[in-house]
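> If you scroll down you'll find the structure; I have some questions about it.
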Amino acid sequence: MFRMAFLKTLLFLSIFSLLFTTITLEVQASPPSNMVKTEYNSESVIQSQDKSSKSNLQQNSSNKLKKKSKTTLSELHQKYPGTMVLKGPKNQRIALTFDDVPDPRFTPAILDILSKYHVPATFFIGGKRAKDYPELTRRIHREGHAIGNHSYDHPLFTKITLAQFQSQILTTEQIIYDTVGVRPSLIRPPYGEISEAQLKWAKQQGYKIVNWNVDSLDWKGIGKEEVKKNVLSHVGPGSIILFHAGGGIGSDLTGTIQALPVIIETLRNKGYTFVTVPMLIQTSETKK
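Quick note, the sequence shown lines up with residues -29 to -1, 1 to 259 if you use mature numbering (1 follows the signal peptide of the UniProt record, and there is no 0).
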């Protein structure tokens, strides 16, 4: 009987020991509640830092994009006032300018009017046009008008590389020089557009970029009255006025030819004197 009691006691102790071991293992396998919370908070902090870093990266990228945005023509004019010209001094002198020449359809009629009224003007010549119509180019020069460079084939300068821009200017310059013996100091960008890199190069080479502050909008093929209104309602002391004496296929500059005599007479009656752009801004017509 004593033996039976001993065996029962031994069995009880074995079962108790087994239960104690199981409970201990479960407790060790399960981390304390504060550890779970700590791990969760750590992950939250990491996620928060990731969001913050992403936000900073996006902000930096946005700032870089803003810095790379194209400088406007107005900003370029303010930054390079001696190189980029929109108008002359505020006196009673004004300059008539004609783009996209020579063109046998319109340029001769414009030259006839200027000759009749003894008005000197500035013609911005395209290299390809000068090559195609050398005699008309020589007539412009022979009749006392100033000559400027209007690129070789009228690209949008802001869409071409610096090397291509340089080629457009230098090729045209050589053609003009071979035709009339002049290397123009004035450049008029097609559409009036130019990049800062191109402007810097032009400045280094001794060129001046000449845009305008009065636009006749005659390239639209508008009539005489509209051309007159566009000019006379905006002209003022020192104005540089944009006309065209040539254009592409289908161009119609009849409105310019008809309006020009009236514009000249009206402005003269108001006391204005017509001069070339080099005279207006007091610079040399040719490169130094």
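We put the beta carbon where it would ideally sit given N, CA and C, even for glycine.
#1: Looking at the unbroken beta strand (DSSP E) that takes in L67, where does it start and where does it end?
#2: Which same chain residues end up closer than 6 Å to V181 when comparing Cβ atoms and leaving out the 5 residues on each side of it in sequence?
#3: What residue range does the alpha helix (DSSP H) around G226 cover?
#4: Under a Cβ-count criterion, where at least 16 other Cβ atoms within 10 Å of its own Cβ denotes burial, should I123 be classed as buried or exposed?
#5: In chain order, what residues of the same chain lie with their CB nearer than 8 Å to the CB of K259, ignoring the 5 residues before and after it?
#6: Are the CB atoms of V72 and H112 nearer to each other than 9 Å?
#7: N201: buried (16+ other C-beta within 10 angstroms of its C-beta) or exposed?
#8: Alpha carbon to alpha carbon, how far is L82 from T237?
#9: Need the endpoints of the beta strand (DSSP E) that R95 sits in, please.
#10: Which residue's Cα is closest to the Cα of T257: H116, K102 and Y51?
#11: The beta strand (DSSP E) that contains L213, what's its start and end?
#12: Flag this pair as touching only if the segment 199 to 214 and the segment 51 to 65 have three or more C-beta atom pairs under 8 Å; answer yes or no.
#13: Just the Cα atoms here: how many angstroms apart are L251 and A92?
#14: Below 7 Å CB to CB, which residues in the same chain sit around K199 once its five sequence neighbours on both sides are set aside?
#15: Please work out which residues of its chain come closer than 7 Å, Cβ to Cβ, to Y148, disregarding the five sequence neighbours upstream and downstream, and give them in chain order.
#16: Helix, strand or coil: which one does DSSP assign to V198?
#17: So, is D103 buried or exposed, given that buried needs 16 or more other C-beta atoms within 10 angstroms?
#18: Which residues mark the beginning and the end of the alpha helix (DSSP H) in which K259 is found?
#19: Determine the burial state of T43: buried for a count of at least 16 other Cβ atoms within 10 Å of its Cβ, exposed for fewer.
#20: So V181 is in the beta strand (DSSP E); what residue range does that whole segment cover?
#21: Identify whether F128 lies in helix, strand or coil by the three-state DSSP scheme.
From the atom records:
#1: For L67, the enclosing beta strand (DSSP E) starts and ends at R64 to V72.
#2: These residues qualify, in order along the chain: V56, L157, R159 and V248.
#3: Note, G226: alpha helix (DSSP H), T225 to N240.
#4: Looking at the sequence shown, residue 123 is not Ile but Tyr. In this structure Y123 is buried. Its beta-carbon is surrounded by 16 or more other beta-carbon atoms within 10 angstroms.
#5: By the criterion of a C-beta distance shorter than 8 Å, K259 is surrounded in its chain by S156 and G177, once the five residues flanking it on both sides are discounted.
#6: In this structure, V72 keeps its C-beta atom at 9 Å or more from the C-beta atom of H112.
#7: Looking at its Cβ environment, which holds 16 or more other Cβ atoms inside 10 Å, N201 is buried.
#8: Rounded to the nearest angstrom, the two C-alpha atoms are 19 Å apart.
#9: A small correction: the amino acid at residue 95 is Phe; Arg does not occupy that position in the sequence shown. Residue range T93 to I96 is occupied by the beta strand (DSSP E) that includes F95.
#10: The shortest C-alpha separation from T257 is found at H116.
#11: Segment I211 to H215, the beta strand (DSSP E) holding L213.
#12: At 8 Å Cβ cutoff, the stretches touch.
#13: Distance between the alpha carbons of L251 and A92: 11 Å.
#14: Closer than 7 Å at Cβ, skipping near neighbours: A230, V233 and I234.
#15: Non-local C-beta neighbours of Y148 in its own chain, meaning closer than 7 Å and more than five positions away in sequence, comprise R154, ordered along the chain.
#16: The DSSP-derived three-state label of V198 is helix.
#17: By the C-beta density criterion, D103 is exposed, having fewer than 16 other C-beta atoms within 10 angstroms.
#18: It is not in any alpha helix (DSSP H) - K259 carries neither H nor E in the DSSP assignment.
#19: Around the beta carbon of T43, a 10 Å sphere encloses fewer than 16 other beta carbons of the protein chains shown; the residue is thus reported as exposed.
#20: Per DSSP, V181 belongs to the beta strand (DSSP E) from K179 to V181.
#21: Here DSSP, grouped into helix, strand and coil, assigns F128 to helix.
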